[in-house]
Amino acid sequence: MPFTPFHLGPALLIGLLMFRLLDLPTFLVANVIVDIEPFLVLALGLPLPLHGFLHTYVGGSILAALLTLVMSSAREFLTGLTRVFRVEQKYSVKTIGLSSFSGIYLHILLDSFLYREMKPLYPLDVNPFLDALSSAQVYTLCSVSLAIGIMIYLAKLLEHRLKTNL
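Under numbering that gives the first Met the number 0, the first residue of the sequence shown is numbered 0, with each subsequent residue one higher.
Next comes the structure, spelled out in structure tokens:
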């Protein structure tokens, strides 16, 4: 995505729908962390493709393993943040790992529809997903997902408020 926050739409929706299986903070971070690659390419003026190695399932897997370690270490700190946003969860290294890998893979899949330079199945030099969805369809999917995700989140907040006021 040219504008990384678009990835938060599907991430929020799926993260809330799969709340019992995924670690929401990790899943949200995983869906945007991949774009550290185009950021660094642009910021440092590197002669590399914007969507290179980290935008492959091989590179994404390495990044997901690292993210699992970081988020597992930081999860105690993040517990306070999840409490503030009323999305407290039980967590384990297993749920953090699942969230890291699935979030990064979702990011790669969404970008695969859009970018010719991407080779998500590296070392294969192909992108079978390219143009399977148009840019407009991908952006609409991301935007609608965000709207639905926000509605689900607000419903969770309302449910929490009703439970605590009884």
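Where a beta carbon is used, it is the ideal one built from N, C-alpha and C, also for glycine.
Since I believe residue j is in contact with residue i (beta carbons under 8 Å), could you give me their beta-carbon distance rounded to a whole number of angstroms?
i: S99; j: M70; result: 7 Å
Which value, in whole angstroms, describes the spacing of the CA atoms of residue i and residue j?
i: H106; j: L62; result: 12 Å
i: T81; j: R74; result: 10 Å
i: L27; j: S91; result: 16 Å
i: V83; j: D124; result: 45 Å
i: M150; j: L11; result: 10 Å
i: K155; j: K162; result: 11 Å
i: L47; j: H159; result: 47 Å
i: Y56; j: E36; result: 14 Å
Helix, strand or coil for residue i, going by three-state DSSP, please let me know.
i: E36; result: helix
i: P9; result: helix
i: D110; result: helix
Would you verify that the beta carbon of residue i is, or is not, closer than 8 Å to some beta carbon of chain C?
i: L62; result: This model lacks chain C altogether; it includes just one protein chain.
Counting along the chain, where does the alpha helix (DSSP H) carrying residue i start and finish?
i: V125; result: Looking at the DSSP string, V125 is not in any alpha helix (DSSP H), and its letter there is neither H nor E.
i: K162; result: 134 to 163
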